[in-house]
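This report refers to the structure that appears directly beneath it.
In our numbering, the protein residues as written are 2 to 132.
Here it is as structure tokens:
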């Protein structure tokens, strides 16, 4: 069956090899574990609130996508007709890619602007009396 045909992606009951299912399980479980670890580390080691927010966003992305992947793995393992279709992987990849773009955009574009704004507010405070 060709990778570029619609029947490959939209087959009602795709035949998933045991090695493929094992690989899916390992990858999706690793995503959940790495997400939990990122959350744990950034809560303790992040330098500022922006670092904590970036860590939170990455951790939530990894845990959510890992859990969705484990649900897909379970459906494939049980051979559930609709839920084990391969097109779910395309949707999963698209969701992960979108989430990555939004997170990187936040880290690269928005965080430096907010840090600069916060620095300006602190610099301007010295010129105003506190009442």
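Ideal placement from N, C-alpha and C gives every residue a C-beta, glycine not left out.
Q) Does the Cβ-Cβ distance between residue 64 and residue 80 come in under 9 Å? A) no
(Q) Is there a Cβ of chain D sitting closer than 9 Å to that of residue 15, yes or no? (A) Protein chains in the displayed structure number just one, and chain D is not present.
Q: Over the uninterrupted alpha helix (DSSP H) stretch that includes residue 106, give me the two end residues.
A: 88-106
Q: Answer yes if the segment 4-18 comes into contact with the segment 85-99, meaning at least three C-beta pairs across the two stretches below 8 Å, and no otherwise.
A: yes
(Q) Nearest by alpha-carbon distance to residue 61: which of 35, 71, 107 and 129 is it? (A) 35
Q: State yes or no: is the C-beta of residue 30 within less than 9 Å of the C-beta of residue 71?
A: yes
Q. If you follow the alpha helix (DSSP H) that residue 73 is part of, which residue opens it and which one closes it?
A. 50-79
Q.
By the DSSP assignment, the alpha helix (DSSP H) with residue 6 in it spans what residues?
A. No alpha helix (DSSP H) contains residue 6, which DSSP labels as neither H nor E.
Q | Buried or exposed (CB count within 10 angstroms, at least 16 for buried), residue 21 | A | exposed
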